[in-house]
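Participant: I am attaching a structure below and will ask some questions about it afterwards.
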Amino acid sequence: MIFNRSIVFSEEPVYFTNNISKYLQSKGRRMMGWNEIMGHNLHNYQDQKDTKTTQKLAKESIIHFWKGDVALATTAASAGYEIVNSLHNYTYLDYKYKNLPLSKAYSFDPIPEKLDEQFHDKVIGLGCQMWGEWIPTNGEMHYQVFPRIAAYAEIGWTEKKHKNFGTFKASLKNLQKRWTAKGIYFAPDAYLEK
38 MIFNRSIVFS
48 EEPVYFTNNI
58 SKYLQSKGRR
68 MMGWNEIMGH
78 NLHNYQDQKD
88 TKTTQKLAKE
98 SIIHFWKGDV
108 ALATTAASAG
118 YEIVNSLHNY
128 TYLDYKYKNL
138 PLSKAYSFDP
148 IPEKLDEQFH
158 DKVIGLGCQM
168 WGEWIPTNGE
178 MHYQVFPRIA
188 AYAEIGWTEK
198 KHKNFGTFKA
208 SLKNLQKRWT
218 AKGIYFAPDA
228 YLEK
């Protein structure tokens, strides 16, 4: 059953999401969705009264945080949800380098700066996205992804205290040789900080 006629329209998205979550759990999987699955009106497309919901998102759901502020992340974490942080202005690979230079990508911290320390363990990872409809060719897609994808890998695997942008940039030379050998195009150094 997709729609429940006994609840109001603003309740339907969370109701539907919870049904999908229940199904996934029956298959040994967990639901993960953009932070809209919490039932918040992130984009102000609708009047607030039309987005109010009493439905609570299934606790097993993972919030893929892409837009919003620390208050919204805190709301999710304090309610017990785990978060994958992919805040768009730091992690969208289709953004041009002038808007998201390599140094800014590398500076991303999946744990929001003002998130209360008691909720840090609720941030279970980061993600980065490539929205292909904005990229006309494979070559341009490669330029957008490489070397930023290496920065995100280091963010995910390296403790913050061990990160160093200068060391990271120096290590790119070896990766660039590998990418060249595999026919992967990458943005040249002069292009990375425009």
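This note's numbering numbers the first residue of the sequence shown as 38 and each following residue consecutively.
By construction, the Cβ of each residue, glycine as well, lies at the ideal position given by its N, Cα and C atoms.
Going by alpha carbons, who is nearest to Thr112 out of Gly76, Ile192, Leu209?
Facilitator: Of the candidates Gly76, Ile192, Leu209, the one whose C-alpha sits nearest the C-alpha of Thr112 is Gly76.
Participant: Report yes if the C-beta of Leu163 is less than 7 angstroms from at least one heavy atom of the ligand COA; otherwise report no.
Facilitator: The ligand COA is not part of this structure, which contains no ligands at all.
Participant: For Gly105, is the classification buried or exposed, using 16 other Cβ atoms within 10 angstroms of its Cβ as the cut-off for buried?
Facilitator: That one is buried.
Participant: If we count the other Cβ atoms within 10 Å of its Cβ and call it buried at 16 or more, is Gln155 buried or exposed?
Facilitator: Exposed, by the Cβ-count rule.
Participant: Out of curiosity, what's the CA-to-CA distance linking His236 and His125?
Facilitator: The requested residue 236 does not occur in the structure, where the chain is confined to residues 38 to 231.
Participant: Is it the case that the Cβ atoms of Ser58 and Ala95 are separated by a distance below 8 angstroms?
Facilitator: Against a cut-off of 8 angstroms, the Cβ pair of Ala95 and Ser58 comes out as a contact.
Participant: Under the rule that 16 or more other beta-carbon atoms within 10 Å means buried, what is Gly159, buried or exposed?
Facilitator: Contrary to the premise, residue 159 reads as Lys rather than Gly in this sequence. By the 10 Å Cβ count, Lys159 comes out buried.
Participant: Kindly provide the ranges of any alpha helix (DSSP H) runs that are 4 or more residues long and lie completely inside the stretch 123-186, ordered along the chain.
Facilitator: Here the runs fully enclosed are 125-128, 139-144, 175-182.
Participant: Quick check on Ile120: does DSSP put it in helix, strand or coil?
Facilitator: Residue state, collapsed to three classes: strand.
Participant: Does the separation of the CB atoms of Ala207 and Leu152 fall below 8 angstroms?
Facilitator: Taking 8 angstroms as the Cβ cut-off, Ala207 and Leu152 do not qualify as a contacting pair.
Participant: CA-CA distance, Asp146 and Lys210?
Facilitator: Each residue's alpha carbon lies about 24 angstroms from the other.
Participant: Tyr127 and Lys141 look like a contact to me (Cβ under 8 angstroms); what is the Cβ gap, rounded to whole Å?
Facilitator: With a Cβ gap of about 7 angstroms, Tyr127 and Lys141 count as contacting.
Participant: Mapping the DSSP letters down to three states, classify Gly70 as helix, strand or coil.
Facilitator: The answer is strand: DSSP assigns Gly70 an E or B state.
Participant: Which residues in the same chain have their Cβ closer than 6 angstroms to the Cβ of Ala224, if we skip the five residues on either side of it in sequence?
Facilitator: Cβ neighbours of Ala224 beyond the five flanking positions: Tyr180.
Participant: Counting C-beta neighbours from all protein chains within 10 Å, is the total for Tyr143 16 or more, i.e. buried, or is it exposed?
Facilitator: Flag for Tyr143 reads buried.
Participant: Can you name the start and end residues of the beta strand (DSSP E) that Ile100 belongs to?
Facilitator: Here the beta strand (DSSP E) through Ile100 covers 99-102.
Participant: Please state if the CB of Ser98 and the CB of Leu163 are separated by a distance shorter than 8 angstroms.
Facilitator: Their beta carbons are not under 8 angstroms apart, which means Leu163 does not touch Ser98 by this criterion.
Participant: Can you tell me the Cα-Cα spacing of Gln166 and Gln92, whole angstroms?
Facilitator: About 29 angstroms.
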